[in-house]
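Colleague:
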Amino acid sequence: MIQLLMSPRTTRTVRGLIGTVADAVRSVIAPASLAEAPAVETVPDPVDVLTADELPPVESIEAAAREYERAADQARRADRGKRAAKKVLDKLPSGIYGGWRVFRTPSSRQTPDLAEITRIFKENGLGPVPMKSCAPSLKVELVEVVPVDVETLAGVAA
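For the sequence shown, position 78 matches number 533 in my numbering, and the numbering has no gaps at all.
#1: Return the CA-CA distance between G582 and P567, expressed in angstroms with no decimal places.
#2: Contact between the stretch 508-525 and the stretch 580-600 is defined here as three or more beta-carbon pairs at a separation below 8 Å; is this criterion met?
#3: Could you name each continuous beta strand (DSSP E) segment of 3 residues or more that falls completely within the stretch 513-558, going from the start of the chain to the end?
#4: Taking the C-alpha atoms as reference points, what is the distance between A507 and A519?
#5: Between the alpha carbons of T573 and P602, how many angstroms are there, rounded?
#6: Taking the straight line between their C-alpha atoms, what separation do you get for A477 and G553?
#7: Using DSSP with H/G/I as helix, E/B as strand and the rest coil, what is T560?
#8: Quick check on DSSP: helix, strand or coil for V483?
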């Protein structure tokens, strides 16, 4: 019985129920907290951005943003499909399956061994391992443009 309660599936179900109950309580106590969108952290522009005089026409910028969003969406879908297929393929031993050969090769990429670096820093009293932030991610999102009523603006200015 205890094993049933401790299974990952049961844990996810219980966690989901707790989240649902918490949302229900919040909807009674503070309903606005459920509707608030999380704040998006932004970073300053890089040094090499275009000046106001160098900007391309707005139509070109809109077309580039639309294409970027489309390509990013396709990439996300492809990554999800690749991860789902990899779940199956990672469990297979090397071999030929139908018309497909499944095998593994060593990676040519390397990454620092942070556990070993941390051990060396601690051993020599060098303090924490220095870290630096990754490059900021470029994001685009479609915003609603409210048309300006020129007559209303002229009346306000007069």
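Cβ coordinates follow ideal geometry from the N, Cα and C atoms, glycine included.
Modeller: Reading it off the structure:
#1: 18 Å
#2: Output reads yes: the stretch 580-600 touches the stretch 508-525.
#3: Every unbroken stretch of the beta strand (DSSP E) spanning 3 or more residues and falling wholly within the stretch 513-558 is given here in chain order: 550-552 and 555-557.
#4: A507 and A519 have their C-alpha atoms some 18 Å from each other.
#5: 56 Å
#6: 50 Å
#7: coil
#8: helix
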